[in-house]
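Asks:
In UniProt numbering, the protein residues as written are 1 to 329.
(1) Within the same chain, show all residues whose beta-carbon is closer than 7 Å to that of residue 151, passing over the 5 residues directly before and after it, in chain order.
(2) When we look at the beta-carbon of residue 70 and count the other beta-carbons within 10 Å, is it buried (16 or more) or exposed?
(3) Using 8 Å as the cut-off, can you tell me whether the region 46-60 makes contact with the region 245-260, which would need three or more C-beta pairs spanning the two stretches below that distance?
(4) Could you tell me which residues DSSP puts in a beta bridge with residue 154?
(5) Quick one: Cα of residue 243 to Cα of residue 268, how far?
(6) Please confirm if the region 124-131 is in contact with the region 292-303, defined as three or more CB-CB distances below 8 Å between the two stretches.
(7) State the Cα-Cα distance for the pair residue 322 and residue 212, rounded to the nearest angstrom.
(8) Grab me the residues of residue 276's own chain with a C-beta within less than 8 Å of its C-beta, minus the 5 sequence neighbours each way, in chain order.
(9) Would DSSP call residue 6 helix, strand or coil?
(10) Looking only at its own chain, which residues have a Cβ that is under 6 Å from the Cβ of residue 140, when we skip the five neighbours before and after it?
(11) Report the three-state DSSP secondary structure of residue 207 (helix, strand or coil).
(12) List the endpoints of the continuous beta strand (DSSP E) containing residue 300.
(13) Alpha carbon to alpha carbon, how far is residue 122 from residue 160? Give it in angstroms, no decimals.
(14) Going by the beta-carbon positions, is the gap between residue 83 and residue 90 smaller than 8 Å?
(15) Which one of 305, 271, 126, 324 has the shortest CA to CA distance from residue 314?
(16) So, at 6 Å on beta carbons, what are the nonlocal neighbours of residue 305 in its own chain, with the 5 sequence-adjacent residues on each side left out?
(17) Between residue 168 and residue 223, how many whole angstroms is the CB-CB distance? I'm expecting something under 8 Å.
(18) Run through DSSP, which three-state label would residue 121 get?
(19) Exposed or buried, what is residue 187 when buried is set at 16 or more other beta-carbons lying within 10 Å of its beta-carbon?
(20) So is residue 292 buried or exposed if we call it buried at 16+ other beta carbons inside 10 Å?
(21) By Cβ distance below 6 Å, which residues in the same chain neighbour residue 52 in space, the five residues on each side in sequence not counted?
(22) Could you give the DSSP three-state label for residue 41: helix, strand or coil?
(23) May I have the straight-line CA-CA distance separating residue 24 from residue 119, to the nearest angstrom?
(24) From residue 288 to residue 191, what does the alpha carbon distance come to, in whole angstroms?
(25) Give me the residue from 219, 58, 285, 39 with the minimum Cα distance to residue 145.
(26) Give the secondary structure of residue 172 by DSSP, where H, G and I count as helix, E and B as strand, and everything else as coil.
(27) I'd like to check one pair, residue 265 with residue 236: are the Cβ atoms closer than 8 Å?
(28) Here's a check: name, in chain order, each residue in its chain whose Cβ is nearer than 7 Å to the Cβ of residue 210, leaving out the five neighbours to either side.
(29) Tell me the DSSP bridge mates of residue 314?
(30) Tell me which same chain residues have a C-beta within less than 7 Å of the C-beta of residue 307, skipping the five on either side of it?
(31) Determine the contact status of residue 164 and residue 216, defining contact as a CB-CB distance below 8 Å.
(32) Ignore the nearest five residues each way along the sequence and tell me which others in residue 234's own chain have a CB closer than 8 Å to its CB.
(33) Could you check whether residue 200 and residue 177 sit closer than 8 Å to each other, using their CB atoms as the reference points?
(34) I'd like to check one pair, residue 142 with residue 330: are the Cβ atoms closer than 8 Å?
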């Protein structure tokens with residue numbers, strides 16, 4: 001019974017390993033619409049987290065309208081996401097109640113999973129992309145079009161773009177997706193393979209960050225936006241619920257320092273609520289936690305991160321911000 005429920009939640013291969021379905025909608029960078037874009041994003045999801053954070057650091061709040069989602073499998077008609085009750089703007093394109101209605105409005109013939117993040121062309125009422133890495137590239141191009149008086153952040157600087165793409169693929173295969181493969185495995189062998197990849201990757205990143213500030217050197221790139229959402233959820237969710245418990249993130253001093261640095265950026269806590277995400281993991285993934293009981297802690301304090309609202313953050317356009325990012329004038 002448990003294996004059947006888990007397979008319904010997360011597709012499996014023949015060896016009991018989670019097999020993430022491919023995203024159905026992609027757009028080339030040069031084809032991204034330059035106005036009236038709508039981004040559907042949910043707090044619990046790390047794939048959403050990275051693109052929502054990109055909107056903030058790229059300064060695209062006035063270009064990309066964000067619609068907040070909540071994961072509620074009982075109320076959503078398919079895919080688990082409903083338009084957040086607290087989002088008074090609701091859905092500006094289709095007046096949808098859940099993400100399935102958005103997909104059906106934009107692509108009536110689509111029969112796949114209704115996943116987030118989802119980037120929509122609000123004028124043409126069509127799906128631009130539902131792949132988070134693709135969306136990062138599209139947002140990065142938009143930032144150059146809508147650059148500020150001080151310039152534009154470039155998350156994929158030309159001189160190291162190939163290396164960033166390589167790192168992104170490495171992070172996906174060995175960390176971001178592997179924690180889910182560990183958590184949704186239905187055999188011991190599949191779990192062990194996935195969890196081993198996770199900790200080998202964390203050990204690798206710990207060594208890399210002993211010599212440099214960020215994953216690609218002294219400045220933040222798309223690779224950091226790929227990694228941070230998974231790291232931010234690690235101790236509270238993945239270490240326990242997904243059984244990746246060999247070490248905690250706070251056992252890695254360089255990764256912990258790196259997390260603190262990334263969360264100094266303005267908007268970091270605006271796009272991510274750790275406790276709400278933790279609640280979601282333990283209450284919505286029924287096959288993994290039938291009781292729905294949420295463990296007590298850990299939170300930001302255990303990682304030494306100051307989440308207080310009064311803390312001064314690194315604001316876009318500031319001198320410190322321009323030191324931390326590649327800037328195109």
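Glycine included, C-beta positions come from ideal geometry on N, C-alpha and C.
Replies: If we stick to the structure as given:
(1) In the chain shown, residue 151 corresponds to position 151, counting from 1. Excluding the 5 residues flanking it on each side, residue 151 has same chain C-beta neighbours closer than 7 Å at 327, 328, 329, in chain order.
(2) Here the question's residue 70 lines up with position 70 in the chain shown. Its Cβ being crowded by 16 or more others within 10 Å, residue 70 is buried.
(3) No: fewer than three Cβ pairs fall under 8 Å.
(4) In the chain shown, residue 154 corresponds to position 154, counting from 1. Per DSSP, none; premise fails for residue 154.
(5) For the purposes of this step, residue 243 is taken as the residue at position 243 of the chain shown. For the purposes of this step, residue 268 is taken as the residue at position 268 of the chain shown. In a straight line, the C-alpha of residue 243 is about 27 Å away from that of residue 268.
(6) No contact exists between the region 124-131 and the region 292-303.
(7) Start at 1 with the first residue of the chain shown, and residue 322 comes out as number 322. Start at 1 with the first residue of the chain shown, and residue 212 comes out as number 212. If I take the Cα positions, the gap works out to 17 Å.
(8) Position 276 of the chain shown holds residue 276. Excluding residues within five positions, the ones whose Cβ falls inside 8 Å are 43, 44.
(9) Looking up residue 6 in the chain shown gives position 6. Summary for residue 6: the model assigns pLDDT 49, below 50, so the residue's position carries little reliability; its value from the coordinates is reported in the next sentence. In the three-state DSSP reduction, residue 6 falls in the helix class (H, G or I).
(10) Numbered from 1 along the chain shown, position 140 holds the residue referred to as residue 140. The beta carbon of residue 140 is closer than 6 Å to those of 155, 156 in its chain, skipping five residues each way along the sequence.
(11) Mapped onto the chain shown, residue 207 falls at position 207. DSSP places residue 207 in helix when its eight states are reduced to three.
(12) Locating residue 300 in the chain shown gives position 300, where the first residue counts as 1. If you look at residue 300, you'll find it isn't in any beta strand (DSSP E); DSSP assigns it neither H nor E.
(13) Numbered from its first residue, the chain shown carries residue 160 at position 160. Numbered from its first residue, the chain shown carries residue 122 at position 122. One C-alpha to the other measures close to 33 Å.
(14) For the purposes of this step, residue 83 is taken as the residue at position 83 of the chain shown. For the purposes of this step, residue 90 is taken as the residue at position 90 of the chain shown. Closer than 8 Å, so yes.
(15) Within the chain shown, numbered from 1, the residue matching residue 314 stands at position 314. Out of 305, 271, 126, 324, the CA that lies nearest to the CA of residue 314 is found in 324.
(16) Taking the first residue of the chain shown as 1, we reach residue 305 at position 305. 260, 263, listed in sequence order.
(17) On the chain shown, residue 168 is found 168 positions in, with the first residue counted as 1. On the chain shown, residue 223 is found 223 positions in, with the first residue counted as 1. With a contact defined as Cβ atoms closer than 8 Å, residue 168 and residue 223 qualify at about 6 Å.
(18) Here residue 121 refers to the residue found at position 121 of the chain shown. Of the three classes helix, strand and coil, the one that applies to residue 121 here is strand, per DSSP.
(19) Reading the chain shown from its first residue, position 187 is the one you call residue 187. Counting other Cβ atoms within 10 Å of its Cβ, residue 187 stays below 16 and is therefore classed as exposed.
(20) On the chain shown, position 292 is the one that residue 292 refers to. Here residue 292 is exposed, its C-beta having fewer than 16 other C-beta atoms within 10 Å.
(21) Numbered from its first residue, the chain shown carries residue 52 at position 52. Short of 6 Å from the beta carbon of residue 52, and not among the five residues preceding or following it, lie these beta carbons of its own chain, in chain order: 41, 271.
(22) On the chain shown, residue 41 is found 41 positions in, with the first residue counted as 1. Residue 41: strand per DSSP, three-state reduction.
(23) Here the question's residue 24 lines up with position 24 in the chain shown. Here the question's residue 119 lines up with position 119 in the chain shown. Rounded to whole angstroms, the gap between the alpha carbons of residue 24 and residue 119 is 12 Å.
(24) Walking along the chain shown from the start, residue 288 turns up at place 288. Walking along the chain shown from the start, residue 191 turns up at place 191. When only Cα atoms are considered, residue 288 and residue 191 end up about 13 Å apart.
(25) Locating residue 145 in the chain shown gives position 145, counting from the first residue. Taking only the C-alpha atoms, the option nearest residue 145 is 58.
(26) What you label residue 172 is simply residue 172 of the chain shown in a count that begins at 1. Three-state result, residue 172: helix.
(27) In the chain shown, the residue the question calls residue 236 occupies position 236. In the chain shown, the residue the question calls residue 265 occupies position 265. Contact flag unset, no.
(28) Within the chain shown, numbered from 1, the residue matching residue 210 stands at position 210. Correct list, in chain order: 254.
(29) One-based indexing of the chain shown puts residue 314 at position 314. Answer by DSSP bridge pairing, in chain order: 265.
(30) Locating residue 307 in the chain shown gives position 307, counting from the first residue. Answer for residue 307: 269, 300, listed in chain order.
(31) What you label residue 164 is simply residue 164 of the chain shown in a count that begins at 1. What you label residue 216 is simply residue 216 of the chain shown in a count that begins at 1. Result yes, Cβ atoms of residue 164 and residue 216 sit closer than 8 Å.
(32) Here residue 234 corresponds to residue number 234 of the chain shown, with the count starting at 1. If we look at residue 234 and ignore the five residues flanking it on each side, its Cβ neighbours are 179, 244, 248, 249.
(33) Position 177 of the chain shown, counted from the start, is the residue given in the question as residue 177. Position 200 of the chain shown, counted from the start, is the residue given in the question as residue 200. Not closer than 8 Å, so no.
(34) The displayed coordinates of the chain run from 1 to 329. Any statement about residue 330 would go beyond what the structure contains.
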